[in-house]
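I have placed the structure first, in the form of structure tokens, so that the comments after it can refer back to it.
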Amino acid sequence: MRRVIAPGAALGVLGGSQLGRMFAMAARRMGYRVHTFSPEDDSPAGQAADLEVTASYDDLDALRAFARGVEVVTFEFENVPVEAIDAVEALAPVRPSGVALHTAQQRAREKTFLADRGIPTAPFAAAASFDELWDAVARVGTPAVIKTAAFGYDGKGQHKVTTPADVEHIWTAIGHQAAVVEKFISLQAEVSIVAARGADGEIVAYLPFENRHRDHILDVTTVPAAITPAAAKQAAEITRTILEELQYVGVLCVEFFLSTDGDLLVNELVPRPHNSGHLTCDAAVSQKGLLPGALLGSVQGNA
Numbered sequence: 001m002r003r004v005i006a007p008g009a010a011l012g013v014l015g016g017s018q019l020g021r022m023f024a025m026a027a028r029r030m031g032y033r034v035h036t037f038s039p040e041d042d043s044p045a046g047q048a049a050d051l052e053v054t055a056s057y058d059d060l061d062a063l064r065a066f067a068r069g070v071e072v073v074t075f076e077f078e079n080v081p082v083e084a085i086d087a088v089e090a091l092a093p094v095r096p097s098g099v100a101l102h103t104a105q106q107r108a109r110e111k112t113f114l115a116d117r118g119i120p121t122a123p124f125a126a127a128a129s130f131d132e133l134w135d136a137v138a139r140v141g142t143p144a145v146i147k148t149a150a151f152g153y154d155g156k157g158q159h160k161v162t163t164p165a166d167v168e169h170i171w172t173a174i175g176h177q178a179a180v181v182e183k184f185i186s187l188q189a190e191v192s193i194v195a196a197r198g199a200d201g202e203i204v205a206y207l208p209f210e211n212r213h214r215d216h217i218l219d220v221t222t223v224p225a226a227i228t229p230a231a232a233k234q235a236a237e238i239t240r241t242i243l244e245e246l247q248y249v250g251v252l253c254v255e256f257f258l259s260t261d262g263d264l265l266v267n268e269l270v271p272r273p274h275n276s277g278h279l280t281c282d283a284a285v286s287q288k289g290l291l292p293g294a295l296l297g298s299v300q301g302n303a
């Protein structure tokens, strides 16, 4: 039987940055108390919280004490170690789950998860050594992009490969760490869907957002995205499939590439609120039915 966590309860957040701050502000307006946990003292999230715990994610005893003081825990960035999530999850529900985080926080696992379920991505190959990287580039072909498998965002850890001769210096540049090689895609648009799935399996979502970047950082988001109804429907269906396959509970952003050939490809899973959805804080407070039922079956309402 599902338990309702009513206002007045304490909610835990792992991470102390801007998304944690936005979560804390929204939760407190709804009557919840918020406890944050991060290595940084006086963090943006901690400033807006009822209780700020400052400790390392390696401090499992501190994490367990934190978990005992809240009803449920979430995380506001995806680089929280899985060992920390495991320690917390033994004592309090974590939403999204440690399994979802483990899948999304490492590109090779993420791409394999998608490919194994027939979800379209750019052609890719994983590599854990220099020889494997060389072979991966040969299989994927050039031009391609080499991305570090972990800890990459906003363009960090990404290098374009135009010829095989680039591989050796890129291997050095990424610190000799595991990587994913992806075929370079000629883009028509970059699109994201922000959606949420409840413990009861109900899914709600916003219409696709179209995103433009500057220096690999999101610059402008527009909604609705200037894509065809067929592409919007496909993006929504893929998002539903991912949420259900992960048995996901919480907010998820699915980032898509729409190629100039009209192919819709999943680029990345973001297991938290996403900056492309920031506009909804002010632009969609009272809207209903943001995603027509024709796109996600019986889905209605806000995400």
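Taking this note's numbering, I'd label the letters of the sequence shown as residues 1 to 303. We put the beta carbon where it would ideally sit given N, CA and C, even for glycine.
Start and end residues, alpha helix (DSSP H) containing residue i
| i | result |
| --- | --- |
| Ile217 | Where Ile217 is concerned, there is no enclosing alpha helix (DSSP H), although the beta strand (DSSP E) it sits in stretches over Ile217 to Thr222. |
| Glu255 | Here Glu255 belongs to no alpha helix (DSSP H); instead the beta strand (DSSP E) covers Gly250 to Ser259. |
| Val370 | Because the chain in this structure spans residues 1 to 303, residue 370 falls outside the shown range and cannot be described. |
| Ala150 | Neither: Ala150 is in no alpha helix (DSSP H) and is coded neither H nor E. |
| Gln47 | Pro44 to Gln47 |
| Ala235 | Pro229 to Glu245 |
| Glu168 | Val167 to Ala173 |
Residue i vs residue j beta-carbon contact at 8 Å
| i | j | result |
| --- | --- | --- |
| Ala210 | Ala226 | According to the sequence shown, residue 210 is Glu rather than Ala. Yes, they are a contact pair. |
| Arg272 | Val251 | yes |
| Ile193 | Thr228 | no |
| Gly8 | Gly31 | yes |
| Tyr248 | Ala100 | yes |
| Gly16 | Ala45 | yes |
| Ala65 | His35 | no |
| Val72 | Gly98 | no |
| Leu243 | Ala199 | no |
| Arg212 | Val220 | yes |
| Asp50 | Arg33 | yes |
| Gly157 | Ile174 | yes |
| Phe75 | Leu14 | yes |
| Ile119 | Thr241 | yes |
First and last residue of the uninterrupted beta strand (DSSP E) at residue i
| i | result |
| --- | --- |
| Phe23 | Not the beta strand (DSSP E): Phe23 falls in the alpha helix (DSSP H), residues Gln18 to Arg29. |
| Val181 | Ala179 to Lys183 |
| His159 | Gln158 to Val161 |
| Ala6 | Element bounds for Ala6: n/a, residue is neither H nor E. |
| Ile193 | Leu187 to Arg197 |
| Ala283 | Here Ala283 belongs to no beta strand (DSSP E); instead the alpha helix (DSSP H) covers Thr280 to Ala283. |
| His35 | Arg33 to Ser38 |
| Ala225 | Looking at the DSSP string, Ala225 is not in any beta strand (DSSP E), and its letter there is neither H nor E. |
| Leu265 | Leu264 to Val270 |
Nonlocal neighbours in the same chain, by C-beta distance under 6 Å from residue i, ignoring five residues either side
| i | result |
| --- | --- |
| Ala178 | Ala128 and Ala149 |
| Leu63 | Ala84, Ala87 and Val88 |
| Gln18 | Pro44 |
| Gln106 | Ala149 and Ala150 |
| Arg21 | Pro44, Ala45 and Ala48 |
| Gly262 | none |
| Ser38 | Gly15 and Gly16 |
Neighbourhood of residue i by C-beta, 7 Å cutoff - its chain only, sequence neighbours within 5 removed
| i | result |
| --- | --- |
| Thr162 | Thr142 and Pro143 |
| Val137 | Ala144, Val161, Pro164, Val167 and Val181 |
| Ala231 | Leu258 and Leu264 |
| Asp116 | none |
| Leu295 | Model confidence at Leu295 stands at a pLDDT of 35, short of 50, so the residue's coordinates are unreliable; what they give is reported in the following sentence. Result list for Leu295: Ala232, Lys233 and Ala236, in chain order. |
| Ile170 | Ile146, His159 and Val161 |
| Met25 | Ala48 |
| Thr121 | Lys111, Leu114, Ala115, Leu265 and Val266 |
Cβ-based neighbour list, residue i, same chain, cut-off 8 Å, excluding 5 preceding and 5 following
| i | result |
| --- | --- |
| Glu110 | Thr103, Ala104, Glu268 and Leu269 |
Below-8 Å beta-carbon distance, residue i vs any chain D residue
| i | result |
| --- | --- |
| Val220 | Note that chain D does not occur in the displayed structure, where there is just one protein chain. |
Residue ranges of each beta strand (DSSP E) within the segment 55-127, 3 or longer = 72-75 and 124-127
Count the CB pairs spanning the segment 167-187 and the segment 108-126 that are closer than 8 Å, and state whether there are at least three.
-> yes
Any contact of the segment 45-55 with the segment 86-105, i.e. 3+ C-beta pairs under 8 Å?
-> no
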